[in-house]
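Undergrad:
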Amino acid sequence: PQAFEGLRQAGRKVWRVSSIVATADHNTPTTGWELGYDGIADPISKEQITTLDANIKESGAAAFFPFLSRRQGIVHVI
18 PQAFEGLRQA GRKVWRVSSI VATADHNTPT TGWELGYDGI ADPISKEQIT
68 TLDANIKESG AAAFFPFLSR RQGIVHVI
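Mapping of the sequence shown onto the numbering used here: residues 18 to 95, in sequence order.
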């Protein structure tokens with residue numbers, strides 16, 4: 018979140034949007050997926066995941082593997 022906030026504060030946009038690859042990592046729970054975002058028990062993790070979603074949507078990045086996406090998985094493979 019800090020990088021996107023820094024860009025906003027500087028009045029800048031993401032440069033080379035096509036080079037962004039983003040996915041939630043350590044905040045993604047292994048259980049509770051059937052509850053969607055409500056299945057994220059930790060409120061800080063939930064805020065970080067929803068903030069990532071909003072930041073990526075705002076930037077227009079196409080290579081995004083959001084929480085609950087069938088393409089989301091182990092990020093170290095990406």
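Beta carbons: idealized from backbone N, C-alpha and C, even for Gly.
Determine, using beta carbons only, whether residue 34 and residue 76 come nearer to each other than 7 Å.
TA: Indexing the sequence shown from 1 puts residue 34 at position 17. Indexing the sequence shown from 1 puts residue 76 at position 59. Closer than 7 Å, so yes.
Undergrad: Leaving out five residues before and five after residue 50 in sequence, what residues of the same chain have Cβ atoms less than 8 Å from its Cβ?
TA: The residue given as residue 50 occupies position 33 in the sequence shown. 56, 85.
Undergrad: Locate the alpha helix (DSSP H) running through residue 21, then write down its first and last residues.
TA: Here residue 21 is taken as the residue at index 4 of the sequence shown, counted from 1. Residues 19-26.
Undergrad: Look at the alpha carbon of residue 54 and the alpha carbon of residue 71, and state the distance between them as a whole number of angstroms.
TA: Sequence index remark: in the sequence shown, residue 54 carries index 37 (1-based). Sequence index remark: in the sequence shown, residue 71 carries index 54 (1-based). Their backbone Cα atoms lie some 14 Å apart in a straight line.
Undergrad: Mark residue 48 as exposed unless 16 or more other C-beta atoms lie within 10 angstroms of its C-beta, in which case mark it buried.
TA: On the sequence shown, residue 48 is found 31 positions in, with the first residue counted as 1. Residue 48 is classed as exposed because its beta carbon has fewer than 16 other beta carbons within 10 Å across all chains shown.
Undergrad: With DSSP as the reference, label residue 58 as helix, strand or coil.
TA: As a first step, residue 58 must be located in the sequence shown, where it is residue number 41. Coil.
Undergrad: Pick from 58, 28, 27, 62: whose alpha carbon is nearest that of residue 43?
TA: Here residue 43 refers to the residue found at position 26 when the sequence shown is read from its first residue. Residue 43 has its Cα closest to that of 62, out of 58, 28, 27, 62.
Undergrad: Given a cut-off of 7 Å, decide if residue 73 and residue 39 are closer than it, judged by their beta-carbon atoms.
TA: Taking the first residue of the sequence shown as 1, we reach residue 39 at position 22. Taking the first residue of the sequence shown as 1, we reach residue 73 at position 56. Yes. Within cutoff.
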